[in-house]
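Quick note, the numbering used here runs 543 ahead of the 1-based positions in the sequence shown.
Have a look at the structure below, then the notes.
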Amino acid sequence: MTPALQATGISVRYGGHVAVDRVDITVPDRGMVGVVGANGAGKSSLVNALAGWSPGDRPTVRGSVQLGGKRMDGLAPHRRARRGLVLVPQGKAIFADLTVAENLALMRPPLRKAGRHAFSMDEIFALFPRLANRRNHKGGMLTGSERQMVAVGRALRAAPRVLLLDEPSAGQTPHLLHELLATLRRLIDAGLSVLLVEQSVRSALELVDALYLLERGKVAAHGPAGTMRDDPRLVEASLGRVPS
Ligand SMILES: Nc1ncnc2c1ncn2[C@@H]1O[C@H](COP(=O)(O)OP(=O)(O)OP(=O)(O)O)[C@@H](O)[C@H]1O
Ligand SMILES: [Mg+2]
544 MTPALQATGI SVRYGGHVAV DRVDITVPDR GMVGVVGANG AGKSSLVNAL AGWSPGDRPT
604 VRGSVQLGGK RMDGLAPHRR ARRGLVLVPQ GKAIFADLTV AENLALMRPP LRKAGRHAFS
664 MDEIFALFPR LANRRNHKGG MLTGSERQMV AVGRALRAAP RVLLLDEPSA GQTPHLLHEL
724 LATLRRLIDA GLSVLLVEQS VRSALELVDA LYLLERGKVA AHGPAGTMRD DPRLVEASLG
784 RVPS
C-alpha cells in the first residue's frame with residue numbers, strides 16, 4: 544500500500560550548518576510514527592521541511608516528499624496543508640486575545656477534501672471536552688495542555704491526511720499528553736496518519752507503531768516501537784542528553 548507520507552533524502556542546511564542530513568522517513572497509511580532526538584538533533588528542521596516551512600534564516604532544503612504517492616516538493620506550506628499535510632509547529636502559536644472558538648475558526652476547511660474528513664467545531668469539542676467548557680475563554684487564559692488541544696483541533700479542521708506534531712509534550716503533564724495522543728490514536732481508524740516529534744520518548748513509545756532516532760541530523764536507528772524500546776541510544780535520547 545502507498546505510504547501516507549514518504550520522505551527521501553531530506554537535508555536541511557542553514558548556511559554552512561547541516562541540521563538534517565539525508566533523512567529517509569516513511570509514515571504508513573493509518574500509522575503513528577515517532578521521531579525522537581535530543582535538543583538540537585534536527586527534529587523541527589525535519590518536520591518544517593516536510594511541511595514546506597522555513598522559519599527564521601531561510602534554510603536550504605533538499606529531498607523529496609510524497610503525500611499518498613503525490614510529490615509535494617516545491618509547494619508552499621499552505622498548498623501542502625490544502626492537500627492534507629498539516630503541521631502543528633513547535634510552540635504552537637495560538638492567539639492569546641482570541642477565544643478558543645475564534646482560534647479554531649481561523650482554520651477554514653478546504654473546499655476539496657478528496658475523501659478526507661474536515662472536523663467541525665462540534666466534533667472538535669466532542670474530542671476535547673475540556674475545550675468545550677472553555678470555548679469562550681481567551682487563548683491567553685488556557686493551560687499549556689489546553690493550548691495544545693486548540694492547536695491540534697485547528698489542524699483537524701484542515702482535513703489532514705498526515706498530521707505532523709512537533710513536541711506536543713511541551714508545557715503539559717505526561718498524563719495529559721498521553722490523553723491527547725490516545726485521542727489521536729482513535730482518529731487513525733478514521734484515516735489519519737501521524738508523525739510525532741518528541742524530545743522525550745517515554746509517553747509516546749506506547750502509542751507509536753514505529754520510531755526514528757535522530758542524532759545530529761541523521762537517523763541513528765529506526766524500527767518498530769517494540770524493538771526500539773530497549774535500544775540504549777533511545778534511553779540516552781529520552782533523558783535529553785546530547786550523545787557524544
Ligand atoms: N533558523 C535557524 N537558523 C540557523 N540554525 C538553525 C535554525 N533553526 C535551527 N537551527 C540549528 O539547526 C540544528 C537543529 O535545530 P532544530 O531546531 O531542528 O532541532 P530540534 O531537534 O527540533 O531541537 P529541540 O528539541 O530543541 O526543538 C541546531 O543546531 C540549531 O541550532
Ligand atoms: Mg524542535
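Think of the CB as a built atom: it goes at the ideal place given N, C-alpha and C, for glycine as much as any other residue.
With a cut-off of 7 Å, the C-beta of residue 586 is classified as near ligand 2, since at least one heavy atom of the ligand falls inside that distance. The criterion of a C-beta distance shorter than 8 Å is not satisfied by residue 704 and residue 581. When the five nearest sequence neighbours on each side are left out, the beta carbons in the same chain lying within less than 6 Å of the beta carbon of residue 605 are those of 554, in order along the chain.
When the beta-carbon positions are compared, residue 707 and residue 778 stay at least 8 Å from each other. Judged by their CB atoms, residue 701 and residue 652 are nearer to each other than the 8 Å cut-off.
Of 655, 618, 650, the smallest CA-CA separation from residue 664 is found for 650. Between ligand 1 and residue 557, a heavy atom-to-CB distance of less than 7 Å is present.
Placement of the Cβ of residue 710 at a distance of less than 7 Å from at least one heavy atom of ligand 1 is found. For residue 691, the enclosing alpha helix (DSSP H) stretches over residues 687-699. Taking the CA atoms as reference points, residue 745 sits about 16 Å from residue 714. Take residue 738, set aside five residues on each side of it, and the residues of its chain with a beta-carbon closer than 6 Å to its own are 570, 576, 707, in chain order. Of 684, 736, 550, 742, the smallest CA-CA separation from residue 639 is found for 684. Residue 594 is not a Cβ neighbour of residue 625, given a cutoff of 8 Å.
The residues 556, in chain order, have a CB closer than 6 Å to that of residue 603 in the same chain once the five nearest residues on each side in sequence are set aside. Excluding the 5 residues flanking it on each side, residue 752 has same chain C-beta neighbours closer than 8 Å at 571, 574, 575, 576, 767, 768, in chain order. For residue 551, the enclosing beta strand (DSSP E) has its first and last residue at 548-557.
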